[in-house]
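Engineer: One structure coming up, written as C-alpha cells, with questions to follow.
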Amino acid sequence: MFRGHLCVKFANRSTESYHLRSLMKNLYRFHIRLIPLMLSIFAMGFAANAQSIEGDAAAGEKLFKTYCASCHKLDSKAIGPALGGVTDRRETDWLYSWIKNNATFRASGNSDAIAIFEEYNGSVMPQFEYLSDEEIGNILAYTANPPAKPIVVSDGPVVAGGEADNSGMQMWAMIILGAIFLVLVFILATVRNTLRVVKGEEPITVVEDASNYAKFLRKNTGFMTVLTIVVAVAFLNVTYWYLMDVGVEGGKGIEASYMPPHPEPGQEAQYGEQPIAFSHKLHAGENQIDCNYCHSSARHSKTSGIPSANVCMNCHMYVNGSEITDEAGNPKYGGERSPEIQKIYDAVGWDADKLAYIEGYEEKPIRWVRIHNLPDLAYFNHAQHVTAGQVECQTCHGPVEEMEVMYQYSSLTMGWCINCHRETEVKVNTNGYYEPQHDKLVEKYHGENITVEKIGGLECGKCHY
Amino acid sequence: MATTKKYWKSFDELAGTPTAQKLAQNEFAEEIPVEDFLGDDNALSNSNTSRRDFLKYLGFSTAAATLAACESPVVESIPYVVKPDAITPGVPNYYASTYFDGNDYASILVKTREGRPIKVEPNDMAAFNGGTNARVQASVLSLYDSARLRQPMKGGEAMSWGDVMSSLRSELKKANDSGKEVVLLTSSIISPSTKEIIAELGNQFTNFRHVSYDPMSYSNKLDVWQNILGERALPSYRVENADLIVGVGADFLANYTGQDVAKAYTDRRTPGKDMNRHIQIETQLSLTGSNADKRIKVKASEHGAVLLHLYNTIAGMKGGTSLASANLPEEKKTMIEGVAKELANAGSKALVLAGNNNFAQEALAAGINRMLGNFGTTVDTNTPVYLRQGDDKAVASLIAGMKSGNVGGLITWGVNPAYSLNGFAEGIEKVGVTAALTDRIDETASKFGYQLPVNHFLESWGDYMPTSNVYSLAQPTIRPLFDTMQGEEVLMNLAGIDGSYHAYLKGFFAAKVQMAAPMLSWNTVLHDGSAEVPNMYAASEAMGTIDMNAAASAANNDVKSAGEMEIFFYQKTGMGVGNQANNPWLHELPDPISRVSWDNYATISQADAERLEIATKANSMGAYDGYTVTLKVGDRTLNGVPVFVQPGQESGTIGLAVGYGRTMVGKAGDNVGVNAFALMSGDHYATSAEISEISSDRDHGFACIQLAHTMMGRKIVNETTNDVYMTAAPQEWNELPLFETFKGKMGPDKVNLWEDHDHETGHMWNMSMDLNKCIGCGACVVACHLENNVPVVGKEEVRKHRDMHWLRIDRYYSSEESFAADEEKVEEMSGLWGENGSLGGFGELEKASENPAVAFQPVMCQHCNHAPCETVCPVGATVHSKEGLNHMAYNRCIGTRYCANNCPYKVRRFNWFNYKGNEDFADFNPSQDEYGKMVLNPDVTVRARGVMEKCSLCIQRIQYNKLEAKKAGKPIEDGQFTTACAQACGTGAITFGDVNDTNSAVYAAKNDTRAYHLLEEIGTQPSVFYQTKVRNTKEA
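Residue numbers (this note's numbering), protein chains in the order written: chain A, 1 to 465; chain B, 1 to 1036.
Right, here's the structure in full:
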C-alpha cells in the first residue's frame, strides 16, 4: 500500500530507479520510521494562528506520518509543498477533492489544481480514495494544529555530575593516603627509637635502618631472587597492557584502542573525528533502520561496506535536519538544517534548496576513519556470518543501536573468533548446502551439537590463506 | 712497465705553484675543528658523562621515544560517492572479451574486482579458441605495465591529443600533396570494422597502402592457400577427426596458425580404440614434438624433401602421379616410407601439417592432404582462418620504398618492425612523417616522429572475425589508466570520422553484422563474447594453379650438404614473438622443454656440442653454465649467444627462440636474451649458419630449474602403450606397490602408523592430472602465479633454485629410446660392476637420449593425507584439514624449512627475501610497481620474508564457492568451480572436485584404472593423483 506514495518524478539521474526501489524497500520495512524526525520540525509555532478544523489532531498525526510524510513536511517544501496551515490557504472541499483523487480533480479542469501540479514539475501524488472523510479531516486538523511535543532522545542512565573529575579525585586520595602512610612510618620510627632509648639502646636513624635491610637482602639471595622475579613480572605485566593499549593488534582508528573496549556508563566513546558526526544511535536506534539497509553488501560480500553517499541520499534527499534536542534544549543532531547532513550534500552535489542534484558537480568522497581493522593475514567474510551463519550484527559489533560514536565492541582477536566457532551451532538443518553432509554429520556426532568447529571451523586455512 | 704519464688534479698542480705544493702537504684544504670538540682533554676527563653513560642514555631515550610514539595507524575507508550498480565491493565481476595481439587469439572472460581487471580466464561459451595459453593468461599484467607510454608525444615532447593529431594530420596532408605514398603498417587485422576505418583512411590520400606484417611470417603459406581457397587465409584444421597426425616442423600445439587445436588433439588422446596417433618430424624438440608418439629428427631444410618423399610414396601407393625423387639420404627415406604407409592406411582420417614459412613445403603438405582425401575431413576448406595476414612481398616493397624515399608518411600500429624486421630501421630516416601507434616507446617508436599511445586491449572496444563464421567482440573492463586513445579512434580521427569508436562499432554492428546475421543482438554477443554467424566464405576452385613440380624441385633445392649448420627460429610458449617482453611472469615461466627461464639461447645437439667443445655444464651450485658464441648467417651476425645442449636436436642445426633481446621494452624485459630476428629473413630457418668466436670459458649462467632430466627407470611418470592398456590387466601396467605385513600383502594405503583424518563428513577435494592430456604448455603455471600472488624472483634467484612457482611442470627425457627401455635396463642390472652393473648403468641412465621420449608431469603440493611436512613443523604452521587439504598458515610459520626438507615432492617454496619490498627485485616484481601491484589478487595474502608457501589448491576459490552455495542454500555442484590451473588448462588435463560426491568427474577419475599416486610407495596418500600416460605406438 505504500507503493503508491512514491510515484514521484525524481531529478533526472541514472540512479533514479535505484533510489526509488531502495526507498520503497525502506518504507516497507520500517513503516516510515523517518517520521518522528519530521515531527520535530513543527514542534512549536502553529498553535497560535491555527484555524479550528474539526478532527482529531492526534489521530491525524499518525495518518500523516503513514501517508503523507514521505513527500510533505509541515513547514518547508519537500517533494510536495509544505502542509502546515494548508487549511488557511485552500478551501476544505478543494483539499478533500485533491487528496482523494488529484488526477480526476485536475482532469476536471480546476485551475488551482493544475497550477500546483505544474509548480511541482508534474510530480504525481498518489490517490487516497481509501481514506475516509473523517481520516482526511484528522490529517487536516493535524496540519492546522499539531500537538506540541518536544522530542528528546533519551540518553540512557544519567550519571551524577563530577564524573569527569573522577580521576583527579583518585589522584588526590592517593596523595593524601601516601602522606598518611609516611606520617605513620615516621610515628612508628619515632616510637621505636623512644622505646630503644627507654631500654637504653642507641636510636637508629632511617638511613641506618635502610642499610640494615640492604644487608639482609644481600645475605638472603633466595629472597632477593623471588623479589626480583615478582618485580619483573609486575613490570612486564604493566608493559604488556600498555602495549595492548596502543591497539595495533586491534587496528583501531584514531588514538583509542579496544582496551578499554567499552566507554564508561554514561560516557560516549571518544575516538576523535570522523568526517561526519554520524550517530548509529539515531539511525539504528531511534529510527530503527536495519543494519543491512546501509551495509547492504554484508549479505553478499566479504566486506560489510560503508554505504556510498547515494545510499544516504535515499533518505537525506528529504531529511536535512533534526529538531531532536538534548536535556538542555540545544539541538542534538545539528538542528533544522544539519551541517553534518550538508556534508553528504557536499559529497554528492545536492542542492538542498532547489532539491536537485547540481549539474556537473565533482563528487567529493567521504574519508571515513575505519574502526574495525583486521590484519591482512586474516580472511573474514561478512556474508559467511550474516547470510550463511545467520549471526546477528550485534553479536560481534555490540549494541550499535546505542552508540552515538561507533567503537570496536569485540576484541577481534583470534581467541575470540575461535571461542565463537567452538560454541556456535551450524544451520545444518535449514541450509540446503549441508544436505549431502547432514546425515553423515548427525551419525557421527549423534546427540551433540554440530558446531562450526565440527565442520572444520578451527582449521588454519579457513581464515588464513 | 714504466710510464711517463703524469696525472694532475689542477693546472696549479701541473705548474707546481707554491699554493699547490702547500695544499698537497695537507690532506684537508681547510683546518678541521677537531680541537673544539675533542681537544679539551681536561673537560673530557672531568665530565660526569662517560661514553658508556652516554650510550645508556641514548639507548634508553630511543626506546622510550619509540614506545611513546606507538599508536595505531589511522586507516581510512573511502566508499564510492555514487556506487555503480554492478559493483559490490569484495565480489568479482566477469566480462566477456577477446584477446588478439596479432599473434594469439583467445575468447576470454575478464575477472574484475572493484573495477580493476585481475585475471583472464578462458571463455567456455567461445565460438572459436576458448582456451588461453600462457601469454593470454599473463596479458592482464601488461595492462599495469608502468613502462607504457602515458601521453602522446611529438619529437620527444609531450603534447595534448588535440595538438598532436592536428599536427599529424597536416603533416600527412603535406606528404600526400607531395605525391609520395602514405603507408599504414599493422599487425594482422581481423576486425571488420577496423578494416572499414582503414579503407576510409585510404580515401584521404591519393597514394595509400595498408601493409600487414607478422613477425613470424606465414606469408608463403597464405600464398599457397590463396590458390586453393581463393582468399588470403589458412584453412581450419579439424584435428578431432584425425586418427593420424603427421607434423612436419609444425608446432601446432603451441605456435601455429593461431587456431587452437590442442583441445581437439587431446580429446582424441584418451586411451582406447579411438586414440589418435601422432608422428612428428622436426628439427628441434618442440612442445608438439615432445607429445608425439613417434618423433623423427630431420633438418628444417629437409622438411621439403621429407614432404616430397611422403607425397611420392603415397602417390605410389594410391596410384597417383609422382613428382621428382626426393633428395634425401636412404636411411631417412626408409623412415619416411614407414610414415607414408601409415598415412596411406589412415586414408581420409589423416592430417599432415607443415611448419615453416615455405611455399614448396606448404604446397606439398596440401597436396598430400588432398591426395589422402583429407579435404573436408581433417582440413576444413570451407571455414578459412584469418588470424595470419602478413604479406612478405608487401613488406619487402615497403622497405624498398622507404629506402628509396618514396614513402612520405608511415604509420605503424601494433608492430615493432625496427626490432623484428631486418632493414626497416635503416629506412626510417628517409620517410617524411612517421607516427607509431604504440603502447610504449619501443625500438620503433623511439625512431619515429610521433608516438601515439594506444589503449591496452583491456581498455578497448573491438570486433574480430577470426574465421569466416565467427564474430566476436572485445569490451573495455577498465577506464584507460593513462592519457591513451583507442588505436581505431586515432585512425578515425585521421580519416575524418567523427565520434567514438564505440559508437562507430555499434553502428557497424547494426549496419553490417546484423544485416548478415539478423538473429544476433549486440548485447548477446557482448555478453557471450563471440557468436557464430552464417559462413561468409564462398568456395572457389583453383587448386590447379599450384605448380607441384616446381614445388618439388624447390623442396629438393632446399636440401643443403650434410656438414652445413642451419638455424631454426622458434617461439617459446612464454614469449611468443615478444609482444609482452616486459611481462616478468612470462620470463619467469620456464621453457617447457629446456626448463630454462629468463633467457633464449642457441640449442644444439649433444654431438655438435662435443664436436665444438661447447657443452653446457652444471656447476657446483647446481646451476648450468654455458659458452657464448657468435652466430652468423650471410652478412648478419649475432654476438654473445649462449649455447644450450638440447636432447632431440638434429645434429647440424641450431634452435634459437625469437622474442628476446628487446632493448626498449621496460625494466623487466630489456636485454634479456638475444634478438633472433636479427638473423631472420622471412622463413623460419636460415641455412649456411656459422658458429664462431666461442668464448674462452662458460661465461653465461642459465636459470634452469631442472637438473635431473631422466627418471632412471622409476615409476614417476607411469607410462604404457595403448595396446597394453587395452588388453592387459591394470595391475600389469599400473602396479600398486605392496608390502609384506603379518596380515599378508597390503598396499601403502592400508599400511600405516597414522590415525586417519575424518574425510567422510564434509568435502574431500581431490585433483586428477591426466598425463595423456597435459601437453606441457605452461598456461597453468602462469595462471597459478597470478591467482596466488606468487612472487617473481628473477634470474639470479631462479639459478639458485629459489623459484617460487607453486606449480611446476617436470619434463623427463628417456635415456634409451623410450621410458620402457629405461625400466628394462634397470631390471636387467645385476651386481655393481660389469656390463649390466648398476654403477655404470645408472650413470648412463642419467643422460638423455639423442632423440628421447618426453613426458610432462605437473607437480604441485600433493596435499598428502599423511603429510611428512606436517609432522616436522615445530610450530604447527602446516596442518591438515578435514577437506583433504594441507593448510599453510603463513603468519604462524617461523621459517625453519623443516617441512620443505621433509617434502618428498619438493613443492614447498621459501620466501628468501622480502620480494615486495627488497629493491633487488624492484625491476621485475609486479608487487613493487606502482601499477603492477593492482594485479594482485585481493583474496590472497602477499607473503612476507621468511615464510614457507605452497599450493593451497586455490583454497580462496574453495571457500568462496562454498559460501556461494551456502548463500544459495544448495549443495555444491560438480564443476561449479575449479582451481586456477584447471581453469587455465586448455586441454582438460586437470580435474578438480569433491570425491565425496560420487557423481563428480574427479570421483570417476580416482577410480579409473589409470590413476596412481606419485611416489605411492612412501604412503603419503596424496589428494592429488595422476593418470597413467599412454602412448599410441601401434603403427596404423
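Every residue gets a Cβ at the ideal spot worked out from N, C-alpha and C, and that includes glycine.
All figures in this text were calculated on a predicted structure; none of them were measured in a lab.
Is the beta carbon of E302(B) sitting closer than 9 Å to the one on D558(B)?
Structural biologist: Contact flag set, yes.
Engineer: With a cut-off of 9 Å, does the C-beta of S308(A) fall near any C-beta of chain B?
Structural biologist: Answer yes: the Cβ-Cβ gap between S308(A) and chain B drops below 9 Å somewhere.
Engineer: Identify which residue in A539(B), R714(B), V947(B) has its Cα closest to the Cα of Q226(B).
Structural biologist: Selected option, being the one with the closest Cα: A539(B).
Engineer: Output needed for F977(B): all residues of its chain with C-beta closer than 7 Å, excluding positions within five of it in sequence on either side, in chain order.
Structural biologist: R957, N961, listed in sequence order.
Engineer: May I have a chain-ordered list of the alpha helix (DSSP H) segments no shorter than 4 residues that lie completely inside the stretch 189-228 of chain B?
Structural biologist: Counting only runs of 4 or more, we get 192-203.
Engineer: How big is the Cα-Cα spacing for S410(A) and H397(A)?
Structural biologist: Distance between the alpha carbons of S410(A) and H397(A): 6 Å.
Engineer: Return the first residue and the last residue of the alpha helix (DSSP H) that T334(B) is part of.
Structural biologist: Residues 330-346.
Engineer: Closer than 9 Å between beta carbons: that is the criterion. Which residues of the stretch 354-370 of chain A meet it against chain B?
Structural biologist: Listed by position along the chain: E363, K364, P365, I366, R367, W368, V369, R370.
Engineer: Does S881(B) come within less than 9 Å of chain A when only Cβ atoms are used?
Structural biologist: At least one chain A Cβ lies under 9 Å of S881(B).
Engineer: What does the alpha-carbon distance come out to for the pair N449(A) and D439(A)?
Structural biologist: So the two alpha carbons sit approximately 14 Å from each other.
Engineer: Enumerate in chain order the residues of its own chain whose CB-to-CB distance from A609(B) is below 8 Å, with the five nearest sequence positions on each side excluded.
Structural biologist: Excluding residues within five positions, the ones whose Cβ falls inside 8 Å are A615, T616, V643, V645.
Engineer: Run through DSSP, which three-state label would F819(B) get?
Structural biologist: Three-state result, F819(B): helix.
Engineer: Considering only C-alpha positions, which residue in the set S500(B), G652(B), Y931(B) is nearest to T194(B)?
Structural biologist: Ranking the options by Cα distance to T194(B), first place goes to S500(B).
Engineer: With a Cβ-Cβ cutoff of 9 Å, do Y660(B) and N752(B) count as a contact?
Structural biologist: Not in contact: Y660(B) and N752(B) (Cβ atoms no closer than 9 Å).
Engineer: Of the residues that make up the stretch 279-312 of chain A, which ones have a beta carbon closer than 7 Å to any beta carbon in chain B?
Structural biologist: Those would be S297, H300, S301, K302, T303, G305, I306, P307, S308, A309, N310, in chain order.
Engineer: Looking only at its chain, what residues have a beta carbon closer than 7 Å to the beta carbon of G45(A), apart from the 5 residues adjacent to it on each side?
Structural biologist: Note on G45(A): pLDDT 36, under 50, position unreliable in the model; the coordinate value appears next. No residues qualify anywhere along the chain.
Engineer: Can you grab the Cα-Cα spacing for the pair L6(A) / H72(A), in whole Å?
Structural biologist: No answer about L6(A) holds up, because its pLDDT of 35 lies below 50 and its placement is not dependable.
Engineer: I believe A126(B) touches G576(B) by the beta-carbon criterion, under 8 Å. Please report the beta-carbon distance rounded to the nearest angstrom.
Structural biologist: Rounded, the Cβ-Cβ distance is 20 Å, inconsistent with contact.
Engineer: The stretch 424-436 of chain A: which residues have C-beta closer than 7 Å to a C-beta of chain B, in chain order?
Structural biologist: Within the stretch 424-436 of chain A, the qualifying residues are N431, G432, Y433, E435, P436.
Engineer: Locate the beta strand (DSSP E) running through A354(B), then write down its first and last residues.
Structural biologist: Here the beta strand (DSSP E) through A354(B) covers 350-354.
Engineer: Taking H887(B) as part of the beta strand (DSSP E), name the residues at either end of that continuous run.
Structural biologist: Per DSSP, H887(B) belongs to the beta strand (DSSP E) from 886-888.
Engineer: How do the stretch 108-118 of chain B and the stretch 228-247 of chain B stand: do at least 3 beta-carbon pairs fall below 8 Å, yes or no?
Structural biologist: Touching, no.
Engineer: Output the boundary residues of the beta strand (DSSP E) element that contains G408(B).
Structural biologist: 407-413 is the extent of the beta strand (DSSP E) around G408(B).
Engineer: Compute the Euclidean distance between the alpha carbons of E210(B) and T477(B), then round it to the nearest angstrom.
Structural biologist: The sequence shown places His at residue 210(B), not Glu. Taking the straight line joining both Cα atoms gives about 30 Å.
Engineer: Express the C-alpha separation of Q127(A) and F105(A) in angstroms, rounding to a whole number.
Structural biologist: If you take the alpha carbons of F105(A) and Q127(A), they lie about 11 Å apart.
Engineer: Between the stretch 211-231 of chain B and the stretch 364-384 of chain B, are three or more C-beta pairs nearer than 8 Å?
Structural biologist: The answer is yes - the stretch 364-384 of chain B touches the stretch 211-231 of chain B, with three or more Cβ pairs under 8 Å.
Engineer: With respect to the alpha helix (DSSP H) encompassing D547(B), which residues constitute its N-terminal and C-terminal limits?
Structural biologist: Unbroken run through D547(B): none, as it is neither H nor E.
Engineer: Against chain B, which members of the stretch 335-353 of chain A pass a CB distance test of less than 9 Å?
Structural biologist: Those residues of the stretch 335-353 of chain A that come within reach of chain B (Cβ to Cβ, closer than 9 Å) are A347, V348, G349.
Engineer: Should I341(A) go down as buried or exposed, given a rule of 16 or more other Cβ atoms within 10 Å for buried?
Structural biologist: It is buried - the Cβ of I341(A) has at least 16 other Cβ atoms within 10 Å.
Engineer: With DSSP collapsed to three states, give me the class of K1029(B).
Structural biologist: Residue state, collapsed to three classes: strand.
Engineer: Excluding the 5 residues flanking H372(A) on each side, which residues of the same chain have their C-beta closer than 7 Å to its C-beta?
Structural biologist: Within the same chain, H372(A) has close Cβ partners Q408, L412.
Engineer: Which residue comes first and which comes last in the beta strand (DSSP E) that contains I567(B)?
Structural biologist: Element bounds for I567(B): 565-570.
Engineer: Only counting the same chain, and skipping five residues up and downstream in sequence, which positions put a Cβ closer than 8 Å to that of M888(B)?
Structural biologist: Answer for M888(B): A877, T878, M948, E949, K950, S952, listed in chain order.
Engineer: Taking the C-alpha atoms as reference points, what is the distance between E850(B) and G432(B)?
Structural biologist: Approximately 54 Å between the Cα atoms of the pair.
Engineer: Are the C-beta of P384(B) and some C-beta of chain A separated by less than 9 Å?
Structural biologist: No, P384(B) does not count as interfacial toward chain A.
Engineer: Leaving out five residues before and five after M159(B) in sequence, what residues of the same chain have Cβ atoms less than 6 Å from its Cβ?
Structural biologist: The answer, listed in chain order, is P152.
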